[in-house]
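So the sequence shown is numbered by my numbering: it starts at 168 and just counts up by one.
Yeah, the Cβ is synthetic: ideal placement off N, Cα and C, and Gly gets one too.
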Amino acid sequence: MNDIMNESDPGDISIDEDELFEEDEELTTTTDSPSASLAPPSTPKLRRHLVWTYYNVDDSKDPPVAFCSICKGAKKKKPFKNPQSSNLKKHLKCCHSRQYSEIEAWEKSQMTGKDLTRKQAEKGQQKIVFKFDKNSVHQRAIDEKLALVAAMPNCSLNFLLSKQFCDLVETLNPKYCIPASRTKLTSLIENQLEQLKIKLQAALTGAVKFAVGLDVWTTKGMTNSYLALTVHFFSPSAKRLMNLLLGLRPIVGRHSAATIKTMCDAMLAEWELKESDISRYVTDNGSNMIAAFRDLTISISREIDEDSITADDLKSSSIFLADPNIEVESDDVEEEIDRDILEYKSCKEDYNSVFSKRLPCIAHTIQLVLHSTVDRDITFNRPIQHMLEILQKFKKSVLATESWLNKCGKTVLLPARTRWNSLCIVLERVFDIQEAISQVCFEMKWSSLNEHLPALEALYGMLKLFYSITNFIQADKYETLSTDEGAQLARNLAAEINRRFDRILNAAAPNFDPTYLISTLLDPNVAWMVENDIKFTVGKRFILAMIPPPNDNPTTSISSPSVSMLPSSNNTDRDTLWKIARTYGISAAFIEIFQNLYNGSRCCVRTEDGTTDYFTIESGVRQACILSPMLFLLAIDFVNQNAIDSTQLGLEWTVNRLLADLDFAYDVALFGQTHPALRDLTGALERSAACVKLRISDQKTKTIHVGYMRTPPRITINGNQVEELQEFTYLGSVITADGDATRDVTRRIGKAFAIFQRLRSIWNSASLSLHLKLQLFSTIVLLTALYAAETWKKTVAIDRKLDAFQQRCLRRILKISYRD
Numbered sequence: 168m169n170d171i172m173n174e175s176d177p178g179d180i181s182i183d184e185d186e187l188f189e190e191d192e193e194l195t196t197t198t199d200s201p202s203a204s205l206a207p208p209s210t211p212k213l214r215r216h217l218v219w220t221y222y223n224v225d226d227s228k229d230p231p232v233a234f235c236s237i238c239k240g241a242k243k244k245k246p247f248k249n250p251q252s253s254n255l256k257k258h259l260k261c262c263h264s265r266q267y268s269e270i271e272a273w274e275k276s277q278m279t280g281k282d283l284t285r286k287q288a289e290k291g292q293q294k295i296v297f298k299f300d301k302n303s304v305h306q307r308a309i310d311e312k313l314a315l316v317a318a319m320p321n322c323s324l325n326f327l328l329s330k331q332f333c334d335l336v337e338t339l340n341p342k343y344c345i346p347a348s349r350t351k352l353t354s355l356i357e358n359q360l361e362q363l364k365i366k367l368q369a370a371l372t373g374a375v376k377f378a379v380g381l382d383v384w385t386t387k388g389m390t391n392s393y394l395a396l397t398v399h400f401f402s403p404s405a406k407r408l409m410n411l412l413l414g415l416r417p418i419v420g421r422h423s424a425a426t427i428k429t430m431c432d433a434m435l436a437e438w439e440l441k442e443s444d445i446s447r448y449v450t451d452n453g454s455n456m457i458a459a460f461r462d463l464t465i466s467i468s469r470e471i472d473e474d475s476i477t478a479d480d481l482k483s484s485s486i487f488l489a490d491p492n493i494e495v496e497s498d499d500v501e502e503e504i505d506r507d508i509l510e511y512k513s514c515k516e517d518y519n520s521v522f523s524k525r526l527p528c529i530a531h532t533i534q535l536v537l538h539s540t541v542d543r544d545i546t547f548n549r550p551i552q553h554m555l556e557i558l559q560k561f562k563k564s565v566l567a568t569e570s571w572l573n574k575c576g577k578t579v580l581l582p583a584r585t586r587w588n589s590l591c592i593v594l595e596r597v598f599d600i601q602e603a604i605s606q607v608c609f610e611m612k613w614s615s616l617n618e619h620l621p622a623l624e625a626l627y628g629m630l631k632l633f634y635s636i637t638n639f640i641q642a643d644k645y646e647t648l649s650t651d652e653g654a655q656l657a658r659n660l661a662a663e664i665n666r667r668f669d670r671i672l673n674a675a676a677p678n679f680d681p682t683y684l685i686s687t688l689l690d691p692n693v694a695w696m697v698e699n700d701i702k703f704t705v706g707k708r709f710i711l712a713m714i715p716p717p718n719d720n721p722t723t724s725i726s727s728p729s730v731s732m733l734p735s736s737n738n739t740d741r742d743t744l745w746k747i748a749r750t751y752g753i754s755a756a757f758i759e760i761f762q763n764l765y766n767g768s769r770c771c772v773r774t775e776d777g778t779t780d781y782f783t784i785e786s787g788v789r790q791a792c793i794l795s796p797m798l799f800l801l802a803i804d805f806v807n808q809n810a811i812d813s814t815q816l817g818l819e820w821t822v823n824r825l826l827a828d829l830d831f832a833y834d835v836a837l838f839g840q841t842h843p844a845l846r847d848l849t850g851a852l853e854r855s856a857a858c859v860k861l862r863i864s865d866q867k868t869k870t871i872h873v874g875y876m877r878t879p880p881r882i883t884i885n886g887n888q889v890e891e892l893q894e895f896t897y898l899g900s901v902i903t904a905d906g907d908a909t910r911d912v913t914r915r916i917g918k919a920f921a922i923f924q925r926l927r928s929i930w931n932s933a934s935l936s937l938h939l940k941l942q943l944f945s946t947i948v949l950l951t952a953l954y955a956a957e958t959w960k961k962t963v964a965i966d967r968k969l970d971a972f973q974q975r976c977l978r979r980i981l982k983i984s985y986r987d
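Put into structure tokens, the structure is as follows:
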């Protein structure tokens, strides 16, 4: 039998397919005739195969030999020692193809359907593979690696049990027997976890103090929350600092301080760590974290047993050993000990509670400072909001996303409030694909980021510095919160900045120059930066020194440079108000009366428990004072007139007359022929209002343009762009960009009909005359509907709406149905 063992794998056995008919080999000599007919029945059983008819077998020799009868005339005849049918068939296949084809046809005729199926199956299964023993070294090594893969956060056990993964493993190593059930995989993971716990417990052995880091981890979409506990310590065995993640537990229920403290204590107890072993808790600045560790303090005194202190102990201490000739009286010693014990007990609580065990995370604190500063900054707030609006459009538009990917191949990023430095990462992506953003915005007819790019670039430069600092601080590989080299460099930089800018920042410097400070105070956009600061007082003194005294002449022009709008005393707003009143021709006697009424005015705040203490008011006008409306209107009129006279802008109302504003109390409507004119007029009004300590609300201010405009107007107030509307309501009237009054008419009719409905009892009253009802209708309802009708552009549609409303109301008053 021709058995061939695989040398590379002793467990695999290869079986030659030509051995199929070896059981039919014959041991006796056959005829020399190369006939293709069946062998005679007298042939021995072992030589019934047709191949023996082509050979002459000599059984007298040992071993027997066979000679090919077809090759009888050849010069060199090779005998076949110990002949078998498979070897004889190979000779016919190589040298006598016709006879070999006859043998193949004979074999097929002799095979049944069952034998044919068995042969085909044997051809498909060439090797017999022996699997690893379950306790073998190779099996256990692969099991450990598979358990580590199964323990990965994003790896599913269903994937490891799938047929495709099993086929892959069998292809890589056919001898490995993969666990076929979820229970076996779970058992492997638990075994690895136990081994890992043993290693971690060994690493914790010998350490004295541990610093614990706690943080709440949340998955994307806020679906699950976990509490992570990390310990940092010095390992005596490894001779280095180590940090280990000892626990990651899901938080069930509210993230309260009690829940966090309970989970923290449970995880520490699992690793046999006591409260005395913990030196510090490092957490973020969340209120729940602060409350959880508020009562924990560091004990800086030794634990001693006061009752065990005796005179012998004091004699044996170093203070008495210094001079052996000192005599100690026992009574005095006992009294001194008692006093020390009482003093120690009284101060023990304060003495041991000097420092809190919780430390705030420096990186998290830096991020909080960064977020609060950027959110309140008026310079960068609008560019950031505009950028986020455009990026959100990309997220919502399929066409924009497809065009974006075709141009740059990168996706859009949006900042996450809880992710550190997310705004810096978003800005980095925006500048990386800036050209693609501009092209897609142009294709989609969206507003671009070009006008805000300088501000965003400046913001990115600052955020990038915070990004690098945060990454440096939050890394575990650094031994301290900051290196000595970095701290020294920061101190040197601060000292150098103070030295070079001392001339313009330090008011006490001998070479102080107030030019920059005066410019800052005069710019309302940045004046708030030096409010409530010593620089404000110093700068004010320099400014007042250059202001001439006011002129009491009532004929002085409002725009005259002799009228100073800057504060000259502590009562800043009121002093300015008295100067304005003087320019409007109010006599000095009345102004002195006003000053006496306002000087020393005090007020209080009403609360639930009563009122607060009275405090002095040094600015503004008094409430419930009959002079307050007049004084306030003087200031408003001065602000408007000063702004209009300084610009000479507005609508050409009549010949040589301009209409620049319409005023109603503190509501102001400005008009401009062009966009630059309106922008200059708004800026002049803002500067004029700042002189009297008034501030224009950028939230309540709106712009509207009538007619076609290629680019929308960009008007800013307090550094923020004013919102542009197609229509808005001013003094009860709806103003639209196209000048159509339909919206205003519809709104007025709705208000009038609401009033008509509230007076239903009057219309249905039988005691009131019809004449009185019609007078009430004309006085109350019609006047409400026709409010500001003089400004409407009348059309046929508007007339029909008004007529329909009037007829409807009259029918109800007269009780006439529309069917009559």
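Burial state of residue i, where buried means 16 or more other Cβ atoms lie within 10 Å
{"i": "E271", "result": "exposed"}
{"i": "A921", "result": "exposed"}
{"i": "I309", "result": "buried"}
{"i": "L440", "result": "buried"}
{"i": "V963", "result": "exposed"}
{"i": "P721", "result": "Note that P721 scores a pLDDT of 33, beneath 50, so its modelled location is shaky; the value from the coordinates is reported in the next line. By the 10 Å Cβ count, P721 comes out exposed."}
{"i": "A459", "result": "buried"}
{"i": "E618", "result": "exposed"}
{"i": "S984", "result": "exposed"}
{"i": "S175", "result": "For S175, the predicted model reports a pLDDT of 36, less than 50, meaning its position is unreliable and no value from the coordinates is stated."}
{"i": "C858", "result": "buried"}
{"i": "E775", "result": "exposed"}
{"i": "L194", "result": "Residue confidence is low: L194 scores 34 on pLDDT, short of 50, so the model does not pin down where it sits. No coordinate-derived value is stated."}
{"i": "R915", "result": "buried"}
{"i": "K398", "result": "Note on identity: in this sequence residue 398 is Val, with Lys being the wrong assignment. Classification for V398: buried."}
{"i": "S253", "result": "buried"}
{"i": "T338", "result": "exposed"}
{"i": "G777", "result": "exposed"}
{"i": "T743", "result": "buried"}
Residues bridged to residue i (per DSSP)
{"i": "P527", "result": "T450"}
{"i": "I445", "result": "F377"}
{"i": "N410", "result": "H399"}
{"i": "R596", "result": "BP columns for R596 are empty, so no partner."}
{"i": "W384", "result": "Y393"}
{"i": "C235", "result": "Y222"}
{"i": "R769", "result": "T783"}
{"i": "L837", "result": "D828"}
Whether residue i touches residue j by CB criterion (8 Å)
{"i": "I811", "j": "T849", "result": "no"}
{"i": "V912", "j": "I965", "result": "yes"}
{"i": "A904", "j": "Q893", "result": "yes"}
{"i": "K577", "j": "R596", "result": "yes"}
{"i": "S768", "j": "I784", "result": "yes"}
{"i": "C528", "j": "V607", "result": "no"}
{"i": "R789", "j": "Y751", "result": "no"}
{"i": "L313", "j": "A370", "result": "no"}
{"i": "V218", "j": "K256", "result": "yes"}
{"i": "I636", "j": "I747", "result": "no"}
Whether or not the region 412-429 and the region 380-399 are in contact is what I'm after, with contact meaning three or more pairs of Cβ atoms, one per stretch, closer than 8 Å; do they touch?
yes
Please confirm if the region 662-682 is in contact with the region 550-567, defined as three or more CB-CB distances below 8 Å between the two stretches.
no
Hey, which unbroken runs of the beta strand (DSSP E) at 3 residues or more fall wholly within the region 857-898?
894-897
Check whether the region 944-952 and the region 918-932 touch, using three or more Cβ-Cβ pairs below 8 Å as the test.
yes
With a cut-off of 8 Å, do at least 3 Cβ pairs link the region 583-603 to the region 534-554?
yes
Can you check the region 542-571 for any alpha helix (DSSP H) of at least 4 residues that lies completely inside it and give the ranges in chain order?
545-563
Across the region 423-431 and the region 398-412, are there enough close Cβ pairs to call them in contact, namely three or more that are closer than 8 Å?
no
Continuous alpha helix (DSSP H) assignments of at least 4 residues falling wholly in the region 310-363
324-327, 330-339
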